[in-house]
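Just below is one structure, and these are the notes that go with it.
Protein chains: 6
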Amino acid sequence: MPADSVFAAELPWPDYDAKVRDGTVPILIPIGSMEQHGHHMPMHVDVLLPVEFARRVAESIGALVAPPFTYGYKSHQKSGGGNHLPGTTSLDGATLVAALRDVIKEFARHGVRRICLVNGHFENSWFIIEGIDLALRELRWGGIDDVKIVVLSYWDFVDKATIAKLYPDGFPGWEIEHGGVLETSLMLALHPHMVHLERAIEHAPASFPPYDVYPPKPEWTPQSGTLSSPKQASEEKGRILLDVCVRGIVDALRTEFPG
Amino acid sequence: MPADSVFAAELPWPDYDAKVRDGTVPILIPIGSMEQHGHHMPMHVDVLLPVEFARRVAESIGALVAPPFTYGYKSHQKSGGGNHLPGTTSLDGATLVAALRDVIKEFARHGVRRICLVNGHFENSWFIIEGIDLALRELRWGGIDDVKIVVLSYWDFVDKATIAKLYPDGFPGWEIEHGGVLETSLMLALHPHMVHLERAIEHAPASFPPYDVYPPKPEWTPQSGTLSSPKQASEEKGRILLDVCVRGIVDALRTEFPG
Amino acid sequence: MPADSVFAAELPWPDYDAKVRDGTVPILIPIGSMEQHGHHMPMHVDVLLPVEFARRVAESIGALVAPPFTYGYKSHQKSGGGNHLPGTTSLDGATLVAALRDVIKEFARHGVRRICLVNGHFENSWFIIEGIDLALRELRWGGIDDVKIVVLSYWDFVDKATIAKLYPDGFPGWEIEHGGVLETSLMLALHPHMVHLERAIEHAPASFPPYDVYPPKPEWTPQSGTLSSPKQASEEKGRILLDVCVRGIVDALRTEFPG
Amino acid sequence: MPADSVFAAELPWPDYDAKVRDGTVPILIPIGSMEQHGHHMPMHVDVLLPVEFARRVAESIGALVAPPFTYGYKSHQKSGGGNHLPGTTSLDGATLVAALRDVIKEFARHGVRRICLVNGHFENSWFIIEGIDLALRELRWGGIDDVKIVVLSYWDFVDKATIAKLYPDGFPGWEIEHGGVLETSLMLALHPHMVHLERAIEHAPASFPPYDVYPPKPEWTPQSGTLSSPKQASEEKGRILLDVCVRGIVDALRTEFPG
Amino acid sequence: MPADSVFAAELPWPDYDAKVRDGTVPILIPIGSMEQHGHHMPMHVDVLLPVEFARRVAESIGALVAPPFTYGYKSHQKSGGGNHLPGTTSLDGATLVAALRDVIKEFARHGVRRICLVNGHFENSWFIIEGIDLALRELRWGGIDDVKIVVLSYWDFVDKATIAKLYPDGFPGWEIEHGGVLETSLMLALHPHMVHLERAIEHAPASFPPYDVYPPKPEWTPQSGTLSSPKQASEEKGRILLDVCVRGIVDALRTEFPG
Amino acid sequence: MPADSVFAAELPWPDYDAKVRDGTVPILIPIGSMEQHGHHMPMHVDVLLPVEFARRVAESIGALVAPPFTYGYKSHQKSGGGNHLPGTTSLDGATLVAALRDVIKEFARHGVRRICLVNGHFENSWFIIEGIDLALRELRWGGIDDVKIVVLSYWDFVDKATIAKLYPDGFPGWEIEHGGVLETSLMLALHPHMVHLERAIEHAPASFPPYDVYPPKPEWTPQSGTLSSPKQASEEKGRILLDVCVRGIVDALRTEFPG
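From first to last, the protein sequence lines stand for chains W, Z, F, A, E and Y.
The first sequence maps to residues 5 to 263 in my numbering.
The second sequence maps to residues 5 to 263 in my numbering.
The third sequence maps to residues 5 to 263 in my numbering.
The fourth sequence maps to residues 5 to 263 in my numbering.
The fifth sequence maps to residues 5 to 263 in my numbering.
The sixth sequence maps to residues 5 to 263 in my numbering.
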């Protein structure tokens with residue numbers, strides 16, 4: 005029955021209102037993007053993954069999940085291939101900041117006092133921070149000063165032991181894990197019909213100099229659009245990642261939103 | 005196979021790129037909201053419906069559907085009950101304008117030259133227009149002047165004959181068709197498990213004076229949040245509406261995007 | 005004697021201050037545009053009419069009239085012919101929103117607590133709403149939460165009986181009443197020397213499909229720039245309209261701003 | 005006959021279009037304010053005066069006058085008494101900049117290539133400059149690089165000989181000529197029924213230290229709101245001022261907009 | 005020892021914190037520009053001079069000096085030669101306003117309640133005022149209403165007696181004192197190794213009509229970029245100017261920030 | 005002789021113009037902040053260091069150094085201690101973006117085609133990227149499409165061998181190198197009189213959970229404000245860092261700006 009859904013927007017308003025108006029139930033907002041993810045995956049990976057993490061975490065801690073942000077900040081060449089690539093569809097920084105500011109303030113108006121932003125797209129990170137800062141400032145101007153916001157990117161919950169297990173040949177670093185083992189394994193575990201591993205292109209991890217150039221230099225990005233090869237991805241690795249990240253996020257939110 | 009999906013974000017980028025780069029394939033962008041829709045329906049009705057219209061139309065004319073806008077402009081008391089209601093989660097006008105401007109420009113960068121905005125939330129209408137105007141202006145500054153954009157709200161394709169059939173006791177007008185027969189019937193036809201018609205509240209059509217008041221006067225909005233009673237909604241009416249609107253939109257786009 | 009003028013800006017400040025500082029006297033702000041109105045009328049019809057309505061209403065209820073907004077939002081093809089037409093001189097949405105926000109806040113600083121926005125240009129409607137919302141928000145941040153704002157477009161006060169009398173051959177709808185019988189009759193009653201009815205062009209009511217196209221398609225707008233023929237306009241109809249609208253607005257404001 | 009009016013908005017669009025589309029006819033835009041002007045004058049002095057200067061100049065050189073800006077930038081304590089005073093109703097700087105930018109671009113769209121901004125409110129000056137700069141920049145982006153704009157404040161055309169004649173006891177400087185001899189004399193010559201010289205308050209010229217303080221110090225502004233006494237104003241001085249300023253502006257525009 | 009520096013940013017935070025947290029110690033913010041100053045002077049004159057004035061004043065009254073604004077508003081043709089000149093590197097008005105607003109609010113967050121803006125670039129003046137107004141407004145929204153801000157341009161403290169002494173042949177007016185005797189003498193007294201007086205170009209004071217033209221007319225600005233000749237500058241005049249301005253500013257701040 | 009300075013603003017405009025107008029000479033813009041850096045260092049470390057790196061690199065490759073940005077984006081708790089700390093004085097994201105956009109466009113107007121942003125404050129990174137993107141977009145609108153921009157943070161040029169040498173007990177990671185060995189050693193090598201190493205507080209490296217919380221939790225930041233202990237800093241390490249970073253940046257710019 006939808007009235008029991010963890011997805012806030014699947015609830016009729018009286019059910020939602022009953023849950024949130026006293027401020028104890030947290031709301032999780034997935035922030036994604038529409039971004040190329042190689043030849044073997046669709047372009048909404050960064051929406052699907054944080055939505056699923058948010059759903060699992062919400063089930064576990066009794067939270068709600070807000071509608072996801074379906075577009076995000078511009079892809080960076082050294083972490084997403086670059087915003088010059090076909091398919092990648094991005095917002096200006098100010099737009100993302102404003103949208104997040106607005107939505108946080110609206111949830112606070114409903115009574116929500118515990119918010120968790122579940123980021124699925126690396127490049128969103130700093131604009132999320134600015135959106136939060138502006139929202140909290142305006143809420144204070146309006147007399148609301150007890151909203152607490154946790155921000156996280158799910159991959160930051162993968163601990164070193166898991167990394168060692170998943171990347172036996174060495175970990176390339178999260179920045180170039182774009183369309184690589186992490187995301188592909190998660191997609192294989194969650195949405196296998198959307199992964200075409202046979203189309204994935206094997207290539208050495210992308211290697212960038214210690215600086216950026218604008219406009220981006222197309223030759224720096226592998227032709228596939230991925231920054232490390234997804235060939236070693238597997239459904240099993242995906243399940244391990246799901247497990248470790250969900251547990252980590254659940255613990256984090258139990259710590260920050262106790263009782 | 006996902007690579008055949010009409011949903012642009014379900015495609016790997018090479019498939020998307022192959023479809024759009026010459027500019028003939030239209031892209032349809034559903035624009036919704038998170039807004040209370042009475043006791044009997046969830047709060048993402050205005051996302052679900054335009055996404056489904058867009059999907060059906062895209063299947064029919066060989067178009068693509070972009071990720072939906074999941075948040076929209078503030079609910080207006082006389083067309084959506086008012087933005088003071090719990091659950092309704094809205095953007096400032098400038099935010100919606102900027103988001104739409106950004107996304108249109110990105111699709112144009114990919115090569116898209118035919119865009120259709122499929123609106124599911126009445127209050128978005130004028131901010132969509134402004135977003136288009138700014139996008140086309142900036143595209144012209146960048147040397148692109150051949151993008152054509154169609155904007156529509158699906159209910160405008162319900163013709164008088166259909167209205168007479170669906171509202172035998174008289175049509176209350178689209179403005180107060182908020183959570184009423186139109187939307188509820190469509191949801192019954194498409195997502196029946198999300199409709200709790202037994203929880204719907206019968207009430208006379210909301211009646212407003214010929215002016216607005218701010219801050220909104222809560223007593224003007226029926227307690228249910230709907231502006232007309234959904235009790236006469238039915239799956240069959242939903243199918244009729246689906247049919248007439250899809251056909252109308254398909255015809256419109258065939259006219260505007262020929263060949 | 006000017007110190008008795010209903011026009012706020014015609015008063016020396018001590019007279020204005022004495023009237024407004026306790027908050028009971030309403031102020032009416034006419035919001036117009038500079039927009040083509042066919043071959044037979046000037047381009048400030050949307051300023052002249054709301055100024056005159058505001059003046060008559062203010063005389064009747066003891067209110068003041070603020071200086072009008074002389075420019076408005078972009079003309080929409082299906083309600084004003086389109087913003088591509090010569091002479092039409094419009095603001096971006098954000099500009100109109102900001103100007104209205106600023107002015108409302110200033111009147112509130114003076115002590116005004118009752119504001120009525122008298123709109124004369126259909127396309128302004130939603131940007132007026134956003135301007136009000138931002139103004140009330142910022143006033144609340146500054147500790148002022150007792151400002152009440154009524155918004156109206158004068159034509160919404162024409163009742164069905166009057167419509168039947170004025171449009172014996174059927175009412176085309178307010179949206180295409182651009183430069184048609186309504187506005188032309190009012191101008192004939194108020195500023196006959198500015199109306200050149202002999203230059204008006206007879207044409208069938210403009211007929212649009214149930215969607216918009218951008219950039220506008222010039223062939224959709226009648227060559228005259230009007231959307232329905234003004235040929236049936238008359239001074240007498242203008243007097244009837246003046247009467248019914250002024251009475252309606254006076255009643256509305258007496259209801260909303262009692263005592 | 006209105007079609008011969010110098011006021012652009014009094015023309016039907018075909019007449020306006022015929023005049024402006026080849027770019028030779030200049031358009032003059034009066035920029036005013038709603039600002040207290042002492043006990044003896046209304047609050048739209050800064051609108052009435054530039055409108056009348058623009059009208060006279062336009063008659064003389066065959067130009068058009070655009071609708072005035074009825075609100076302006078915040079009153080400065082040392083040139084207008086301060087924005088804390090009752091009645092003064094001002095815009096944020098960004099709002100005035102945006103409005104002017106928009107309007108200039110619209111006139112350029114119509115074909116206008118010669119624009120003169122006739123300022124009546126000292127505090128507008130720098131925001132006018134920024135509005136012009138942004139408009140010209142955006143016009144260049146759109147491929148229009150031949151718009152020429154003259155900006156002036158009418159009082160800058162009063163030459164030293166006239167000053168000596170009008171201020172036999174010494175000239176206090178334009179900055180504190182707020183509600184003083186200049187403006188009052190002009191109003192006596194043009195709109196005598198709006199001047200209540202008997203209510204004017206004699207006081208020594210306001211004297212300020214060589215710095216500003218915010219928030220303004222109310223005790224720095226004379227109680228009347230004027231910064232120099234208007235008691236020596238006269239209709240005759242007004243006529244002299246009108247004459248010298250109109251001649252000066254006409255000469256300037258003939259120089260800058262020849263042929 | 006740096007912990008005794010008047011330059012706030014040279015202090016470790018505990019020393020800074022100890023000084024400012026009770027609000028009595030004023031902070032002086034120099035606002036400059038990067039702007040051509042003729043053939044004989046560098047382009048950061050408008051930074052160097054207000055920094056040095058601020059330093060001397062701060063030493064004298066026990067204040068602190070904030071890091072300077074190194075870029076300012078666009079150069080105006082009649083006061084700085086025009087923003088079309090090479091080397092001049094300017095901000096949009098909105099950028100300067102926002103930067104100043106942000107910085108003022110941050111100092112207020114630290115506890116500062118007395119701020120003095122020391123302007124070195126004429127064109128910044130009105131954008132400084134707007135920045136202050138926005139900062140004080142937002143501080144009020146946040147519950148802080150006891151910040152007092154003094155704004156000054158150092159040259160306004162040169163009294164008539166000094167002017168007579170420094171300009172024996174007549175004073176051209178501050179507006180065209182761009183790269184002339186005032187600035188050059190001050191630089192000779194403070195940074196003589198940066199002044200190449202032998203490269204300065206003698207020319208008559210720039211003479212402008214009583215209006216502005218945009219785009220600027222290059223032929224109005226002397227080829228050197230200065231608006232009056234610096235040839236009469238001297239180190240001694242610089243010392244006189246330093247002395248009179250520092251004394252004037254010290255007196256002003258002792259008056260406004262007593263005890 | 006200043007006319008030979010690498011600091012652009014120390015040059016008279018003709019010297020600057022001669023260097024930059026053909027586009028081959030790069031300009032380096034240091035981007036800093038005013039931010040607490042522990043008990044032992046001043047608050048403009050993030051300005052002093054990139055200015056000095058820029059100066060050395062410019063000397064080496066024949067480039068110019070622009071005036072630094074003296075304020076930066078808000079301090080992040082996990083990389084700078086948090087923006088709630090006294091002394092830290094930051095800009096909103098939009099302000100930094102706009103300032104950088106404006107300045108880049110101005111240098112391009114002068115003819116500069118090679119720009120290097122030398123960042124000294126981690127939190128600026130993403131707003132720098134957005135500023136560049138907006139600047140390049142607007143430059144393209146204005147017909148300039150050959151500007152190339154390199155962005156770097158100097159610490160990214162410290163190679164693994166150097167890290168091993170400098171941090172024999174293990175490298176804590178750049179993120180918490182706030183006021184630690186890196187910055188302190190560089191300051192000891194460059195500005196030893198500004199470092200009070202005896203006041204530095206020994207503490208274990210700050211340890212944060214894999215998420216952020218807003219408002220920041222003061223207890224997460226060590227009382228000193230540093231995130232890792234600077235006690236192992238030394239002048240010699242500073243010289244090593246200077247050497248390796250300067251060489252790295254010089255090589256990068258020779259690669260990207262050849263010939």
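The beta-carbon is built from N, C-alpha and C at its ideal position, and this holds for glycine as well.
Asked: Give every residue of the same chain whose Cβ lies closer than 6 Å to the Cβ of Ala-139(E), excluding the five residues on either side of it in the sequence, and list them in chain order.; Found: Arg-105, Ile-108, Lys-109
Asked: Taking Cβ positions only, does Trp-145(W) come closer than 7 Å to chain Z?; Found: no
Asked: Considering just the uninterrupted stretch of the alpha helix (DSSP H) at Lys-23(E), what are its terminal residues?; Found: 17-24
Asked: May I ask you to list, following chain order, the residues of the stretch 71-84 of chain A that have a beta carbon less than 9 Å from some beta carbon of chain E?; Found: Tyr-77, Lys-78, His-80
Asked: Keeping to the same chain, check which residues put their C-beta closer than 6 Å to that of Glu-187(E); ignore five residues upstream and five downstream.; Found: Val-49
Asked: Using the DSSP secondary-structure output, state which residues sit across from Lys-3(F) in a beta bridge.; Found: Not covered by the structure: residue 3(F). The range shown for chain F is 5 to 263.
Asked: Would you identify the three-state DSSP class for Phe-11(F), choosing helix, strand or coil?; Found: strand
Asked: Where does Tyr-158(E) fall in DSSP's three states?; Found: helix
Asked: Checking 7 Å against the spacing of the C-beta atoms, do Glu-206(A) and Lys-169(A) come in under that value?; Found: no
Asked: Tell me the DSSP secondary structure of Met-38(A) in three-state form.; Found: strand
Asked: Roughly how many angstroms separate the alpha carbons of Asn-128(Z) and Val-116(A), rounded to a whole number?; Found: 34 Å
Asked: Could you list which residues in chain E have their beta carbon closer than 9 Å to that of Ser-94(Y), in chain order?; Found: Asp-106, Val-107, Glu-110
Asked: Measure how close the beta-carbons of Ala-256(A) and Leu-156(A) come, nearest whole angstrom, since I'm counting them as under 8 Å.; Found: 7 Å
Asked: On a Cα-Cα basis, can you pick out the residue from Trp-159(E), Thr-230(E), Glu-179(E), Gly-146(E) that is closest to Leu-53(E)?; Found: Trp-159(E)
Asked: Applying the criterion that 16 or more other CB atoms from any shown protein chain within 10 Å of the CB defines a buried residue, is Arg-258(E) buried or exposed?; Found: exposed
Asked: Under a Cβ-count criterion, where at least 16 other Cβ atoms within 10 Å of its own Cβ denotes burial, should Pro-196(Z) be classed as buried or exposed?; Found: exposed
Asked: Could you check where the alpha helix (DSSP H) with Asp-247(A) kicks off and where it finishes?; Found: 239-260
Asked: Under 8 Å, with one C-beta from each stretch per pair, do the stretch 230-244 of chain F and the stretch 6-17 of chain F reach the 3-pair mark?; Found: no
Asked: Could one say the Cβ of Gln-3(W) lies closer than 7 Å to chain Z's Cβ atoms, at least one of them?; Found: The structure shown has nothing for residue 3(W), since chain W only spans 5 to 263.
Asked: So, helix, strand or coil for Thr-93(Z), using DSSP?; Found: strand
Asked: For Asn-123(E), write down the residues that DSSP places opposite it in a beta bridge.; Found: Ile-35(E), Ser-157(E)
Asked: Would you say Gly-91(Z) lies against chain W (beta-carbon separation less than 7 Å)?; Found: yes
Asked: Just the C-alpha distance for Pro-6(F) and Asp-19(F), rounded to the nearest angstrom, thanks.; Found: Because Pro-6(F) carries a pLDDT of 48, less than 50, the predicted location of this residue cannot be relied on, and the following value inherits that uncertainty. Their backbone Cα atoms lie some 10 Å apart in a straight line.
Asked: Rounded to whole angstroms, what is the Cα-Cα separation between Pro-262(A) and Ala-112(A)?; Found: 18 Å
Asked: Using three-state DSSP, classify Gly-263(Z) as helix, strand or coil.; Found: coil
Asked: Just to confirm before moving on: does the CB-CB distance between Gly-76(F) and Gly-135(F) stay below 7 Å?; Found: no
Asked: Return the chain-ordered ranges of every alpha helix (DSSP H) run that is complete within the stretch 206-240 of chain Y and spans a minimum of 4 residues.; Found: none
Asked: Helix, strand or coil: which one does DSSP assign to Ala-58(F)?; Found: helix
Asked: Under DSSP, the alpha helix (DSSP H) around Ser-189(A) begins and ends at which residues?; Found: 185-194
Asked: Assign Phe-73(A) to one of three DSSP states: helix, strand, or coil.; Found: strand
Asked: Given this structure, state the Cα-to-Cα distance separating Gly-82(E) from His-114(Y), to the nearest angstrom.; Found: It should be pointed out that residue 82(E) corresponds to Lys in this sequence rather than to Gly. Looking at the two C-alpha atoms, the distance is approximately 21 Å.
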